[in-house]
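In the working numbering, the protein residues as written are 99 to 400. Glycine included, C-beta positions come from ideal geometry on N, C-alpha and C. For reference, the structure is listed below as structure tokens.
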């Protein structure tokens, strides 16, 4: 076996990350936290071997060696930390708002650029100092950073009611894909046109898929709509092209991307799995009696 690595929480609960080799040996271990409740919701590896961790923290928090100190401005803030291949700090960022925010997605492309998504209420203060303001209830944020940690752009998605993101993916062609749900109306500038999305669930949220180019411009929008609660929960880019996504619904649901598939509920809450190729749904499957873990963003079904 490898060396023994011990880390201790600095307070109530801390975030941690291990690097493990192909034989299962722990190469290094790192933690981030303080006296409050701190947790990591996403961790990924970059193309050069760097490690990126994102999550939320309370109060004042830092890495175990004291690097990367942050102080939450309002109760609980989001953090984004970049470590090198040896576990040493490259850079770190804090994302603050007047209310609670959390991270839902973290991906890196082949060029080493980093994208982070999440949800917020009120005013959000990104690292570049250009504030985002939610339009009503909870809104979605999406940000891009280069490999040095410089913020390239930020985007807000939302209308007068509540919108949430749950996952984020990036294709080999650098197309970003975000999954979640929305309520009410959202106006989206897509390919030179203003597209209005309107939820159909009588106050319940509809599932949502949005795609963006690497500059943060909207490319496509798709919905999973019905009278109940619908959420597009996870999304991933397929190696051969296209997208696979999954979510759940509790009434009949219509899946729409320039075409449609209808699914009928068989249990209390059912799951759907969809493969998207180009702008058409290729496969739509559903199962009943699902177990849902909203964070970190996984689901299982039988």
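Problem set entry | beta-carbon residue 333 near the ligand GDP non-hydrogen atom, thresh 6 Å | The ligand GDP is not among the ligands present in this structure, which contains no ligands whatsoever.
For this session: State buried or exposed for residue 429, treating a residue as buried only when at least 16 other CB atoms are found within 10 Å of its CB.
Result: In the structure as shown, the chain begins at 99 and stops at 400. Residue 429 is therefore absent and cannot be evaluated.
Exercise. Near residue 109, which residues of its chain fall below 7 Å by C-beta distance, leaving aside the five closest residues on each side in sequence?
Worked result: 131, 132, 133, 134
Exercise. What residue from 279, 194, 101 has the CA that sits closest to residue 121's CA?
Worked result: Measuring from the Cα of residue 121, the nearest candidate turns out to be 101.
Exercise. How would you write the range of the beta strand (DSSP E) that residue 318 sits in, first residue to last?
Worked result: Run containing residue 318: 316-324, per the beta strand (DSSP E) assignment.
Exercise. Would you say the region 231-247 touches the region 256-267, given that touching needs at least three Cβ pairs under 8 Å?
Worked result: The way I'd put it, the region 231-247 does touch the region 256-267; three or more beta-carbon pairs between them come closer than 8 Å.
Exercise. How many Å lie between residue 337 and residue 207 at the Cα?
Worked result: 13 Å
Exercise. How about the region 242-252 and the region 155-168: do they share at least three Cβ pairs that are nearer than 8 Å?
Worked result: By the criterion of at least three beta-carbon pairs nearer than 8 Å, the region 242-252 is not in contact with the region 155-168.
For this session: Taking all protein chains shown into account, decide if residue 249 is buried (16 or more other Cβ within 10 angstroms of its Cβ) or exposed.
Result: buried
Exercise. So does the region 170-180 actually touch the region 200-219, counting three or more Cβ pairs closer than 8 Å?
Worked result: yes
Exercise. Who are the near neighbours of residue 259 in its chain, counting only those whose CB is closer than 7 Å to its CB and skipping five residues on each side?
Worked result: 234, 235, 281, 282
Exercise. Looking at residue 367 and residue 346, is the spacing between their C-beta atoms short of 7 Å?
Worked result: yes
Exercise. By how many angstroms is the C-alpha of residue 317 removed from the C-alpha of residue 311?
Worked result: Residue 311 and residue 317: Cα-Cα distance of roughly 7 Å.
Problem set entry | Option nearest residue 257 by Cα separation, candidates 226, 272, 218 | 218
For this session: Please report how far the alpha carbon of residue 285 lies from the alpha carbon of residue 160, in whole angstroms.
Result: 39 Å
Problem set entry | Residues near residue 144 in its chain [Cβ-Cβ closer than 7 Å; skip 5 each side] | 150, 206, 210
Problem set entry | CA-to-CA distance, residue 344 to residue 187, given in whole angstroms | 35 Å
Problem set entry | Collapsed DSSP secondary structure at residue 103 in the structure displayed | coil
Exercise. Helix or strand or just coil, what does DSSP make of residue 192?
Worked result: strand
Exercise. Considering residue 198, what are the terminal residues of the beta strand (DSSP E) in which it resides?
Worked result: Unbroken run through residue 198: none, as it is neither H nor E.
For this session: Quick one: give me the first and last residue of the beta strand (DSSP E) that residue 249 is part of.
Result: 249-255
Exercise. Where does residue 241 fall in DSSP's three states?
Worked result: DSSP places residue 241 in strand when its eight states are reduced to three.
Exercise. DSSP three-state call for residue 225: helix, strand or coil?
Worked result: coil
Exercise. Using a Cβ-Cβ cut-off of 7 Å (strictly less than) and excluding sequence neighbours within five positions of residue 292, which residues of its own chain qualify?
Worked result: 285
Exercise. Nearest CA to the CA of residue 270: which residue from 255, 214, 341?
Worked result: 341
For this session: Flag this pair as yes or no: are the beta carbons of residue 230 and residue 222 separated by less than 7 Å?
Result: yes
Exercise. What first and last residue would you give for the beta strand (DSSP E) that runs through residue 169?
Worked result: According to the DSSP assignment, residue 169 belongs to the beta strand (DSSP E) that extends over 168-181.
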